[in-house]
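Participant:
Residue numbers (my numbering): 7 to 217.
1. Taking residue 166 as the reference, which of 177, 193, 181, 127 has the closest Cα?
2. Suppose you measure from the CA of residue 106 to the CA of residue 72; what does that come to, to the nearest Å?
3. Where does the unbroken alpha helix (DSSP H) through residue 122 begin, and where does it stop?
4. Going by beta carbon distance, what residues of the same chain come within less than 8 Å of residue 121, once the five residues before and after it are set aside?
5. So residue 169 is in the beta strand (DSSP E); what residue range does that whole segment cover?
6. Is DSSP giving residue 101 helix, strand or coil here?
7. Whole-angstrom Cβ separation of residue 185 and residue 61, contact assumed at under 8 Å?
8. Within a Cβ cutoff of 6 Å, which residues of the same chain sit near residue 155, ignoring the five residues on either side of it in sequence?
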């Protein structure tokens, strides 16, 4: 499996400072959560219509806590996300102590990418991939002892949900993935999500991910 980059990128974003909080409902009053962007494409910096998802108890399980949940909108979206392909929103969780003394980690991410695009991003050895379904959605999953486990499932032809973890077994991650439920924007925000409107030129929206 390709070495996971999302956690490192998201950690760097936290150091940049939070963008202005807000909702994209004013700009997209007719957009409905769960509606895919036409053709899976958007203009540079333009956020697609989201498919939010949450855990039933807001966290993956006992002993877990939410550390960050953000969706970037606005014309600075791509800059603020550091060019990481396809990320629409993400939620990160800190878990119980794992082997080696570090805590388990889990991210739940919405991608404006197809299932095959996600596979190309996260899989280097196709022989290690298992195909199946998550709650009736076409899916794949993979475990690498060094990198962690990934479970990805298709929501539409151009939108996927993905859970990635370190410090827990693939079986545990699959069970958590199957517990994930669709959510409205209001439900996602109530679970701890923040919608940040980032515009180039603002002090809190730098010209590059490196500052």
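Where is the CB? At the ideal position from N, CA and C, for every residue including glycine.
Facilitator: Reading off the structure:
1. Working through the chain shown from its first residue, we reach residue 166 at position 160. Put simply, of 177, 193, 181, 127 the residue whose alpha carbon is nearest the alpha carbon of residue 166 is 127.
2. On the chain shown, residue 106 is found 100 positions in, with the first residue counted as 1. On the chain shown, residue 72 is found 66 positions in, with the first residue counted as 1. Rounded to the nearest angstrom, the two C-alpha atoms are 22 Å apart.
3. Translated into positions along the chain shown, residue 122 becomes position 116. DSSP places residue 122 inside the alpha helix (DSSP H), whose first and last residues are 121 to 128.
4. Residue mapping note: residue 121 aligns to position 115 of the chain shown, counting from 1. Excluding positions up to five away in sequence, the list reads 144, 145, 146, 158, 159, 160, 166.
5. As a first step, residue 169 must be located in the chain shown, where it is residue number 163. Element bounds for residue 169: 165 to 172.
6. In the chain shown, residue 101 corresponds to position 95, counting from 1. In the structure shown, the three-state DSSP call for residue 101 is strand.
7. Residue numbering aside, residue 185 sits at position 179 when the chain shown is read from its first letter. Residue numbering aside, residue 61 sits at position 55 when the chain shown is read from its first letter. Under the criterion of beta carbons closer than 8 Å, residue 185 and residue 61 qualify as touching, at roughly 6 Å.
8. Against the chain shown, residue 155 aligns to sequence position 149. Cβ within range, chain order: 149, 171, 176, 179.
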